[in-house]
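Protein chains in written order, with our numbering: chain Z, 1455 to 1872; chain A, 79 to 519.
Each residue gets a CB set at the ideal place from its N, CA and C atoms; glycine is no exception.
Let me begin by presenting the structure, written as structure tokens, before commenting on it.
Shown next, in the form of structure tokens:
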């Protein structure tokens, strides 16, 4: 079919054509970027933390005490309270293992620092690799369910305790595989010495865990997988414990924890709602904003595509009505139904194509602008190409109904005057 | 004449119900999406204390020097919180009308009644001038005095919520509460007060927070009894000594600082005082760099701290984009609808109707589509605002609400936008040549 008659006809409806093309261009630009936002959020939300996330509970509590845990006596007092709690929790039915810990992945309560190959001060030094610390005992690795891929776990004899604001550094650490590779790209990190937070105390890496995310949510993207495990019970006025339950017993254990802890020592604060949380809840809470953003963008995309499709249906219907007579004439002169159908489909393809070309430019421009204003990532080109296909297909689907109505115009219309 | 045009518009809209419905739906959804995201944006970008935000300032001092710079997103600004040494020095100099250093606390509170479990409370250790500076509303009593600050008095201001919990809402001024196993005398009870963003301590709360402010105690009292900070601590060097004492002697930052300066000249004087202070520190050898201070008023400070979440801004922009597409769509459909009636226009013009009459007739029709779309949009905005609590973080979702200004704005945006979308189609309709139309039939 020749394009010439279509082009001539389009010139008669410049305004309508421009409006549809503009609408398609804007739709393409917004949908591409929105879908890109949705995919990057889904990718972020779906990444595993590296710990075994099922059957895991986090307990948070605070003791009532006049001491802030800075004096040696205060530290030892808090340590014995903490060990009592560990004992209480371990003896609960259906509990597999328990460990003290300062934070867990996605909790957004972090203790971060720098890890370097040389001793000496300067946390902001370029030789430092940013890391997040997990303080716990020999049960921490098993309770979290992280896998040691090289070296070994801490033994109970290697566990010490210190006050929260005690600046001393540990002799032994376990690091994640990513952090080990960053520090020692060439050979195994096991047995190597590192220095934490610019101190002069050498810390020996004794083990490497496969993967463990840092607690940070919404920041710390430059060290997401650089976790360091430290064999120290941290003593402060508050404490956190992780509890791994037998499969399927999570809820019953969750209910038994608060009464058991009050029973062991009533002079403490356990929040009504948040004292015991499952890891599933913590994950959901951490990614709530990301999931919400993805849902919002999804709703916007759906409305956009629906409105654009409806607009095409509406305007094409109008054109079909306007050209009723001309269609009749063409049919009378021998055009088949399929020719009429193709005419409108081809017309739409040209308008949508024109709009899409502008849309590609707008989509890339919008992405550049979002990158500079909102620290968004660069959108890969295939999002734009996929968006292109989507709007073209959408246009064809939308135009089908009015185009078919046009193809059903009988040739006899040509002989009627009105 | 207007009544006649409304009648004509209704007839015309009834004639093609499908097209009419399409336009109303487009306007409705477009307006609802933008108004829903706008309600969230409005909630997070609002001024928490509009009557005096331009008089409240946050000083920033360069106490880290070059060590604090060079990271990602470094813009040359000094740290956004205060270390103990500088906060105490600024408090001692007392150069502003009101000023307060403050840090976050999270002690336990033991109810006097037997059998009740201890509770955890959030709050701040502040100076007495904090209360007049932030206009914290008192239900009973008042803040404490400057003398009580100096004496490290065991006094406390509690929230309405804690007063309800411990004293059943009665006037508890003069009563005693047990904070971290020590007795404090209640001197004031606040009315329900939950400013969002938490403007006086953005660096510890990040702006929006679901945590309650239940307890205020004198700053120096908190330091004296060793009530440690529960907010953020940032260091570029490891403190040389352990403990809360070691933190006070370190260059680590963990405090917020706010001052009230009533006019521009006071602000200027305070800025030059800050620079003078930094110069003094440089001469004394504590700082080995030139002064690099900032003194931002509250709106500038909230902006510099990026209190409005990026996601909220992006959502609003995307939703406005959606509204634009909906309007382009409506413009196209109105064009089709108006030009379909070229005959009618031709007849009206031939019978003597001026162009202005055609303009009036079709803009009224566009406005009616806009109004109907606005009513639908209002309904959808209501649904949207109720649903954001499902998808947004709690601290932000709870702030979005549908009130009368938003209601009116929704209708106004719908009508104005649709009329604007109708301008070009109307222009085309008014240009219809009567003779040509009459002849062709």
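Cross-chain neighbours of residue i in chain Z, by beta carbon under 7 Å
{"i": "residue 260 of chain A", "result": "1520"}
{"i": "residue 346 of chain A", "result": "Here the premise fails: no neighbours, minimum Cβ distance about 32 Å."}
{"i": "residue 95 of chain A", "result": "Per Cβ cutoff of 7 Å: no residues; residue 95 of chain A is ~12 Å from chain Z at best."}
Where the alpha helix (DSSP H) containing residue i begins and where it ends
{"i": "residue 1613 of chain Z", "result": "That residue, residue 1613 of chain Z, is in no alpha helix (DSSP H); it is neither H nor E in DSSP."}
{"i": "residue 1841 of chain Z", "result": "1835 to 1861"}
{"i": "residue 1771 of chain Z", "result": "1742 to 1776"}
{"i": "residue 162 of chain A", "result": "162 to 171"}
{"i": "residue 1600 of chain Z", "result": "First-last for residue 1600 of chain Z: undefined, no H or E at that position."}
Rounded distance between the beta-carbons of residue j and residue i, thought under 8 Å
{"i": "residue 1524 of chain Z", "j": "residue 321 of chain A", "result": "4 Å"}
{"i": "residue 1508 of chain Z", "j": "residue 1559 of chain Z", "result": "Residue 1508 of chain Z to residue 1559 of chain Z, Cβ: 14 Å. No contact."}
{"i": "residue 1615 of chain Z", "j": "residue 1686 of chain Z", "result": "6 Å"}
{"i": "residue 1768 of chain Z", "j": "residue 97 of chain A", "result": "6 Å"}
{"i": "residue 1681 of chain Z", "j": "residue 1586 of chain Z", "result": "5 Å"}
{"i": "residue 1780 of chain Z", "j": "residue 1853 of chain Z", "result": "No, residue 1780 of chain Z and residue 1853 of chain Z are not in contact; Cβ-Cβ is about 17 Å, not under 8 Å."}
{"i": "residue 1848 of chain Z", "j": "residue 1758 of chain Z", "result": "Not quite, the Cβ-Cβ distance comes to about 10 Å (not below 8 Å), so this is no contact."}
{"i": "residue 1648 of chain Z", "j": "residue 1657 of chain Z", "result": "5 Å"}
{"i": "residue 1816 of chain Z", "j": "residue 1473 of chain Z", "result": "Rounded, the Cβ-Cβ distance is 16 Å, inconsistent with contact."}
Where residue i falls: helix, strand or coil (DSSP)
{"i": "residue 500 of chain A", "result": "helix"}
{"i": "residue 350 of chain A", "result": "helix"}
{"i": "residue 400 of chain A", "result": "helix"}
{"i": "residue 268 of chain A", "result": "strand"}
{"i": "residue 115 of chain A", "result": "helix"}
{"i": "residue 1460 of chain Z", "result": "helix"}
{"i": "residue 244 of chain A", "result": "helix"}
{"i": "residue 1720 of chain Z", "result": "coil"}
{"i": "residue 435 of chain A", "result": "helix"}
{"i": "residue 229 of chain A", "result": "coil"}
{"i": "residue 212 of chain A", "result": "helix"}
{"i": "residue 1630 of chain Z", "result": "strand"}
{"i": "residue 1827 of chain Z", "result": "helix"}
{"i": "residue 1517 of chain Z", "result": "strand"}
{"i": "residue 1589 of chain Z", "result": "strand"}
{"i": "residue 201 of chain A", "result": "strand"}
{"i": "residue 1680 of chain Z", "result": "coil"}
{"i": "residue 263 of chain A", "result": "strand"}
{"i": "residue 251 of chain A", "result": "coil"}
{"i": "residue 375 of chain A", "result": "strand"}
Neighbouring residues, chain Z, relative to residue i (Cβ below 8 Å)
{"i": "residue 418 of chain A", "result": "1772, 1775 and 1776"}
{"i": "residue 163 of chain A", "result": "Simply none; closest approach about 17 Å."}
{"i": "residue 104 of chain A", "result": "1761, 1764 and 1765"}
{"i": "residue 471 of chain A", "result": "1742, 1743 and 1746"}
{"i": "residue 388 of chain A", "result": "1828 and 1829"}
{"i": "residue 443 of chain A", "result": "The contacting residues do not exist; residue 443 of chain A stays about 16 Å from chain Z at best."}
Beta-carbon neighbours of residue i, restricted to chain A and to distances below 8 Å
{"i": "residue 1629 of chain Z", "result": "Within 8 Å Cβ-Cβ: nothing; residue 1629 of chain Z doesn't reach chain A, min ~19 Å."}
Residue interval of the beta strand (DSSP E) (run including residue i)
{"i": "residue 183 of chain A", "result": "176 to 183"}
{"i": "residue 278 of chain A", "result": "Note, residue 278 of chain A: premise wrong, no beta strand (DSSP E); not H, not E."}
{"i": "residue 295 of chain A", "result": "293 to 296"}
{"i": "residue 1551 of chain Z", "result": "1549 to 1554"}
{"i": "residue 1644 of chain Z", "result": "No beta strand (DSSP E) contains residue 1644 of chain Z, which DSSP labels as neither H nor E."}
{"i": "residue 1570 of chain Z", "result": "1566 to 1570"}
{"i": "residue 1869 of chain Z", "result": "Premise fails: residue 1869 of chain Z is in no beta strand (DSSP E) and is neither H nor E."}
{"i": "residue 338 of chain A", "result": "334 to 338"}
{"i": "residue 135 of chain A", "result": "134 to 138"}
Residues that residue i contacts on chain A, provided the C-beta gap is smaller than 7 Å
{"i": "residue 1722 of chain Z", "result": "196"}
{"i": "residue 1757 of chain Z", "result": "107, 111 and 400"}
{"i": "residue 1754 of chain Z", "result": "111, 396, 397 and 400"}
Neighbouring residues, chain A, relative to residue i (Cβ below 9 Å)
{"i": "residue 1470 of chain Z", "result": "410, 413, 414 and 417"}
{"i": "residue 1524 of chain Z", "result": "304, 306, 320, 321, 322, 323 and 324"}
{"i": "residue 1516 of chain Z", "result": "184, 185, 186, 196 and 198"}
Interface residues of chain Z facing residue i [CB-CB closer than 9 Å]
{"i": "residue 100 of chain A", "result": "1761, 1764, 1765, 1767 and 1768"}
Using a beta-carbon distance cut-off of less than 9 Å, what residues from the segment 183 to 198 of chain A approach chain Z?
If the cut-off is 9 Å between Cβ atoms, the segment 183 to 198 of chain A has 184, 185, 186, 187, 188, 195, 196, 197 and 198 near chain Z.
Chain A contacts made by the segment 1472 to 1484 of chain Z, where a contact means CB separation under 7 Å:
Here the close residues are 1473, 1474, 1476, 1477, 1480, 1481 and 1484.
Could you please tell me which residues of the segment 1736 to 1750 of chain Z, in chain order, have their CB closer than 8 Å to any CB of chain A?
Contact residues of the segment 1736 to 1750 of chain Z toward chain A are 1742, 1743, 1745, 1746, 1747, 1749 and 1750 (C-beta to C-beta distance below 8 Å).
When you check each C-beta in the segment 393 to 404 of chain A against every C-beta of chain Z, which residues fall closer than 8 Å?
With the criterion set as a beta carbon lying under 8 Å from some beta carbon of chain Z, the members of the segment 393 to 404 of chain A are 393, 396, 397, 399, 400, 402, 403 and 404, in sequence order.
Can you pull out the residues from the segment 1606 to 1627 of chain Z whose beta carbon lies closer than 7 Å to at least one beta carbon of chain A?
Those would be 1617, 1619, 1620 and 1621, in chain order.
What residues in the segment 1811 to 1835 of chain Z bring their beta carbon closer than 9 Å to a beta carbon of chain A?
Those residues of the segment 1811 to 1835 of chain Z that come within reach of chain A (Cβ to Cβ, closer than 9 Å) are 1820, 1824, 1827, 1828, 1829 and 1830.
Report the residues of the segment 282 to 302 of chain A with a CB closer than 8 Å to any CB of chain Z, ordered along the chain.
Listed in sequence order: no entries.
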